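Novice: This is the structure I have questions about; it appears just below.
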Amino acid sequence: MLTPDEITPTTGELESIVRVPDRRSALRLKRQQLRHQPTTDALPNLHVETFPPRIAPRQHTQTREENRHLRMMLETVREELHQARQEYALLHVRYEHDVAIIHSAHQQEMDAHGQQLQEVLEAHTGLQREHQSLVTRFQELQQALDASASQLAQEKIAQVTQELEVAPETTPPLLEGVLETLQRHAKEREDKNLVEILFLKREIQRMNERLEHERQQVDAERQKLLTLQNSAREQAELREQMVEARFQARWRMRAIVSSLGMLLLLVTLQFGGLHLLHADTSPLLSLALIAPIVICVVCAIVFATPVSMVKIIYHGAPHKRRVKA
Numbered sequence: 147m148l149t150p151d152e153i154t155p156t157t158g159e160l161e162s163i164v165r166v167p168d169r170r171s172a173l174r175l176k177r178q179q180l181r182h183q184p185t186t187d188a189l190p191n192l193h194v195e196t197f198p199p200r201i202a203p204r205q206h207t208q209t210r211e212e213n214r215h216l217r218m219m220l221e222t223v224r225e226e227l228h229q230a231r232q233e234y235a236l237l238h239v240r241y242e243h244d245v246a247i248i249h250s251a252h253q254q255e256m257d258a259h260g261q262q263l264q265e266v267l268e269a270h271t272g273l274q275r276e277h278q279s280l281v282t283r284f285q286e287l288q289q290a291l292d293a294s295a296s297q298l299a300q301e302k303i304a305q306v307t308q309e310l311e312v313a314p315e316t317t318p319p320l321l322e323g324v325l326e327t328l329q330r331h332a333k334e335r336e337d338k339n340l341v342e343i344l345f346l347k348r349e350i351q352r353m354n355e356r357l358e359h360e361r362q363q364v365d366a367e368r369q370k371l372l373t374l375q376n377s378a379r380e381q382a383e384l385r386e387q388m389v390e391a392r393f394q395a396r397w398r399m400r401a402i403v404s405s406l407g408m409l410l411l412l413v414t415l416q417f418g419g420l421h422l423l424h425a426d427t428s429p430l431l432s433l434a435l436i437a438p439i440v441i442c443v444v445c446a447i448v449f450a451t452p453v454s455m456v457k458i459i460y461h462g463a464p465h466k467r468r469v470k471a
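Residue 265 in our numbering sits at position 119 of the sequence shown; the count goes up by one each step and never skips.
Given below as structure tokens:
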């Protein structure tokens, strides 16, 4: 059997042997080439005569076929990888577009709710100003009424005092009218104050109810905003998890298929190498080459799911904490 050192230097001469039709013409052509070549260190190429003329071209052809097959497989893998990258880029662009749409809608809703909240706050401020103006007006009216009543009373008292000084034995009729007027005025003032107090109380109650209703509306709008924000965040996270799970499953499937293909290619190359080297491919040798690969694949498939389940159960089970003595 020929060694690899004897086969390697004669690769360039195999092409010329393939072109000749028979052994005699090949030998004649080789002799002519040797006559015209100078006597240099390239003489070890004469070992070509030791090759069997029928085996070397077949080995060369088979090697070319295997190289062509491997190149086709490599081109297929490159095309699949390029297609997967394009799909990933397309999905990433679609995901970014969906996220931008969700953020834009969420921002528009937040702007609208913020504008409504600003309008409610402005209305609340206006009501507070009206309430303050009513209170100020009530105080001014009350002060003016008190001032006019005190002035009128002082005038009446001065007049009665003068009449009493002139005729102290008799009760001046003005005093009786003043008393009646004062009583009537006091009663009217009391009734008026009561009506104003009731009106102000009712107005304050109505304003409090309106403010409470507006506060409830603001709380409801704020809760709605929080709910929309949480739902948008959950939808974005769910979409991201779905995309990641899809990519992981796809890459896992491609890795499994590539691994199986490489294992089949390894077995094929092993048998091809044995056939090229003219080794004895007995059933025991074939079993020794294939059995470890099959056993490893079966063990990986069998123990993958139980081991993952045991890890999940172990991490999910409660563990007792060790207390240091």
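Virtual Cβ for every residue (Gly too), placed ideally from N, Cα, C. This one's a predicted model, so the numbers in the text were calculated from it and none came from an experiment.
1) Taking only the alpha-carbon atoms, compute the straight-line gap between K333 and A258 and give it to the nearest angstrom.
2) Tell me whether H424 sits in a helix, a strand or coil according to DSSP, three-state version.
3) Measuring CA to CA, which of E336, T209, A230 and H215 is closest to R396?
4) With 8 Å set as the bound, which would you pick, yes or no: does the beta-carbon of K302 sit closer than that to a beta-carbon of chain D?
5) Is it the case that the Cβ atoms of I247 and A378 are separated by a distance below 8 Å?
6) Using the Cα positions of T207 and R214, report the straight-line distance between them to the nearest angstrom.
7) Look at the alpha carbon of M147 and the alpha carbon of E390, and state the distance between them as a whole number of angstroms.
8) Short of 7 Å in beta carbon distance, which residues of its chain neighbour E212, apart from the five on each side in sequence? Order them along the chain.
9) Identify, in the order they occur along the chain, each residue of the same chain with its Cβ nearer than 8 Å to the Cβ of E255, setting aside the five sequence neighbours on each side.
10) Which one of E221, L298, M353 and Q300 has the shortest CA to CA distance from A269?
11) Does the Cβ-Cβ distance between E358 and L263 come in under 8 Å?
12) Please report the distance separating the alpha-carbon of P438 from that of V223.
13) Using the C-alpha atoms, what's the distance from R275 back to E355?
14) Under three-state DSSP, which class holds P199?
15) Quick check on this structure: which residue in A293, L298 and F284 has the alpha carbon closest to the alpha carbon of V341?
16) Check whether the Cβ atoms of Y241 and R385 sit closer than 8 Å, and answer yes or no.
17) Work out the CA separation of Q369 and Q278 for me, nearest whole Å.
18) Do V364 and V266 have their C-beta atoms within less than 8 Å of each other?
19) Which whole-angstrom value is the C-beta distance of A295 and H331, which I expect to be below 8 Å?
20) Inspect the beta-carbon positions of I441 and V413 and report whether they are closer than 8 Å.
21) Can you grab the Cα-Cα spacing for the pair I402 / M408, in whole Å?
22) Less than 8 Å separating the beta-carbons of L514 and Q205?
23) Are A434 and V245 touching if we call contact CB-CB under 8 Å?
24) Can you grab the Cα-Cα spacing for the pair V444 / L227, in whole Å?
25) List in chain order: all unbroken alpha helix (DSSP H) runs of 4+ residues lying wholly within the stretch 255–316.
Specialist: Looking at the coordinates:
1) As a first step, residue 333 is located in the sequence shown; it is residue number 187 there, counting from the start. As a first step, residue 258 is located in the sequence shown; it is residue number 112 there, counting from the start. C-alpha of K333 to C-alpha of A258: approximately 55 Å in a straight line.
2) Along the sequence shown, read from residue 1 onward, the residue named residue 424 stands at position 278. Per DSSP, reduced to three states, the secondary structure at H424 is coil, with no helix or strand assignment.
3) Your numbering for residue 396 matches position 250 in the sequence shown. The residue with the shortest Cα to Cα distance from R396 is A230.
4) Here there is only one protein chain, and chain D is not present.
5) Here the question's residue 247 lines up with position 101 in the sequence shown. Here the question's residue 378 lines up with position 232 in the sequence shown. No Cβ-Cβ contact shorter than 8 Å links I247 with A378.
6) Position 61 of the sequence shown, counted from the first residue, corresponds to residue 207. Position 68 of the sequence shown, counted from the first residue, corresponds to residue 214. T207 and R214 have their alpha carbons spaced roughly 10 Å apart.
7) Looking up residue 147 in the sequence shown gives position 1. Looking up residue 390 in the sequence shown gives position 244. Low confidence applies here, because M147 scores a pLDDT of 42, under 50, leaving its location unreliable and the question unanswered by this model.
8) Reading the sequence shown from its first residue, position 66 is the one you call residue 212. Beyond the five residues adjoining it in sequence on each side, E212 comes within less than 7 Å, by CB distance, of G418 in the same chain, given in chain order.
9) By one-based count along the sequence shown, residue 255 stands at place 109. Residues L371 and L374 of the same chain have their beta carbon placed closer than 8 Å to that of E255, with the five preceding and five following residues left out of the count.
10) As a first step, residue 269 must be located in the sequence shown, where it is residue number 123. Measuring from the Cα of A269, the nearest candidate turns out to be M353.
11) For the purposes of this step, residue 358 is taken as residue 212 along the sequence shown, with counting starting at 1. For the purposes of this step, residue 263 is taken as residue 117 along the sequence shown, with counting starting at 1. With a cutoff of 8 Å on beta-carbon distance, E358 and L263 are scored as not near each other.
12) Your numbering for residue 438 matches position 292 in the sequence shown. Your numbering for residue 223 matches position 77 in the sequence shown. Straight-line Cα distance between these residues: approximately 26 Å.
13) Here residue 355 is taken as the residue at index 209 of the sequence shown, counted from 1. Here residue 275 is taken as the residue at index 129 of the sequence shown, counted from 1. Spanning the alpha carbons of E355 and R275 requires a straight line of approximately 17 Å.
14) The sequence position of residue 199 within the sequence shown is 53, counting from 1. For P199, the predicted structure reports a pLDDT of 49, less than 50, and the residue's modelled location is therefore unreliable. A value from the coordinates is still provided. In this structure, P199 counts as coil in the three-state DSSP scheme.
15) Numbered from 1 along the sequence shown, position 195 holds the residue referred to as residue 341. By alpha-carbon distance to V341, the top candidate from A293, L298 and F284 is F284.
16) Counting from one through the sequence shown, the residue named residue 241 turns up at place 95. Counting from one through the sequence shown, the residue named residue 385 turns up at place 239. Cβ distance < 8 Å, so Y241 and R385 count as in contact.
17) Within the sequence shown, numbered from 1, the residue matching residue 278 stands at position 132. Within the sequence shown, numbered from 1, the residue matching residue 369 stands at position 223. Going from the Cα of Q278 to the Cα of Q369 covers about 31 Å.
18) Start at 1 with the first residue of the sequence shown, and residue 364 comes out as number 218. Start at 1 with the first residue of the sequence shown, and residue 266 comes out as number 120. For V364 and V266, yes; Cβs fall inside 8 Å.
19) On the sequence shown, residue 295 is found 149 positions in, with the first residue counted as 1. On the sequence shown, residue 331 is found 185 positions in, with the first residue counted as 1. The Cβ separation is near 7 Å, so the contact holds.
20) On the sequence shown, position 295 is the one that residue 441 refers to. On the sequence shown, position 267 is the one that residue 413 refers to. For I441 and V413, no; Cβs fall outside 8 Å.
21) On the sequence shown, position 256 is the one that residue 402 refers to. On the sequence shown, position 262 is the one that residue 408 refers to. Counting only the Cα atoms, M408 lies some 10 Å from I402.
22) No answer is possible for residue 514: it lies beyond the span of the chain, which begins at 147 and ends at 471.
23) By 1-based counting over the sequence shown, the position of residue 434 is 288. By 1-based counting over the sequence shown, the position of residue 245 is 99. For A434 and V245, no; Cβs fall outside 8 Å.
24) What you label residue 444 is simply residue 298 of the sequence shown in a count that begins at 1. What you label residue 227 is simply residue 81 of the sequence shown in a count that begins at 1. Going from the Cα of V444 to the Cα of L227 covers about 27 Å.
25) Note on the stretch 255–316: there is no whole alpha helix (DSSP H) run with a minimum of 4 residues.
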